[in-house]
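If you're matching positions, the sequence shown starts at 1 in UniProt numbering and goes up one per residue. From the three backbone atoms N, C-alpha and C, an ideal C-beta is built for every residue, glycine too. If you're wondering where the values come from, they're calculated on a predicted model, not measured in any experiment.
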Amino acid sequence: MPRKAAKTKIALSQNPKLNKKQDQEIQIRSTTAVKYESTRDKIVRRFRPGEKAIKELKQYNRAPSLLIRKLPFQRLVRDVASNYFTEQNQNFRWTPNALSVLQGVSEDYMVSFFEDAYACALHAKRVTLLSKDMALASRIRGTRNITGIHFK
């Protein structure tokens with residue numbers, strides 16, 4: 001049976017017979033008893049294995065925001081575009097809307113690619129995603145070695 005909290009401080013206006021010292025003693029005793037009770041009855045939440053990961057996945061699925069930060073993605077796109085278009089002596093400029101659309105499409109592609117690769121891992125009766133699962137997923141999709149990425 002949990003302990004009941006000690007009586008709280010009686011205000012001086014309610015009991016004029018108490019002086020300030022006695023009032024402070026009552027206040028100290030009441031707060032320590034409440035602290036003791038609250039730490040004793042506190043329940044610590046333990047997650048089962050994998051429960052926290054599922055909670056995070058649900059959170060990411062609900063969120064409409066993008067997974068990759070905008071500024072690093074913009075730097076990457078501008079770097080790749082400048083490397084590609086300097087060979088042809090052209091300058092390339094991006095509107096913010098075009099960069100956000102490109103980021104959304106690329107994130108969607110990556111998520112679906114990882115879903116396919118994970119399905120390959122599950123088919124092999126594994127939970128861990130390996131590079132050979134990614135190679136198989138890209139081979140099934142027919143997008144093998146388009147970008148020059150080789151899965152070993």
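Quiz item: Q103 by DSSP, collapsed to three states: which one?
Solution: Q103 carries a helical assignment under DSSP once its states are collapsed to helix, strand and coil.
Exercise. Evaluate P122 with the Cβ neighbour count: other Cβ atoms within 10 Å of its Cβ, from every protein chain shown; 16 or more gives buried, anything less gives exposed.
Key: The amino acid at residue 122 is misidentified as Pro; the sequence shows Leu. Exposed, since its Cβ has fewer than 16 Cβ neighbours within 10 Å.
Quiz item: Can L67 and E107 be called in contact, C-beta distance under 8 Å?
Solution: yes
Quiz item: Cα-Cα, which of L76, A117 and E51 is closest to K132?
Solution: A117
Quiz item: According to DSSP, is F113 helix, strand or coil?
Solution: helix
Quiz prompt | Residue nearest to V111 in terms of C-alpha spacing, selected from Y60, R45 and V44 | solution = Y60
Quiz item: Among F113, L130 and L129, which one has its Cα closest to the Cα of G142?
Solution: F113
Practice problem: Determine, using beta carbons only, whether Q59 comes closer than 8 Å to chain C. | Solution: Judged by its chain identifiers, the structure shown contains no chain C, having just a single protein chain.
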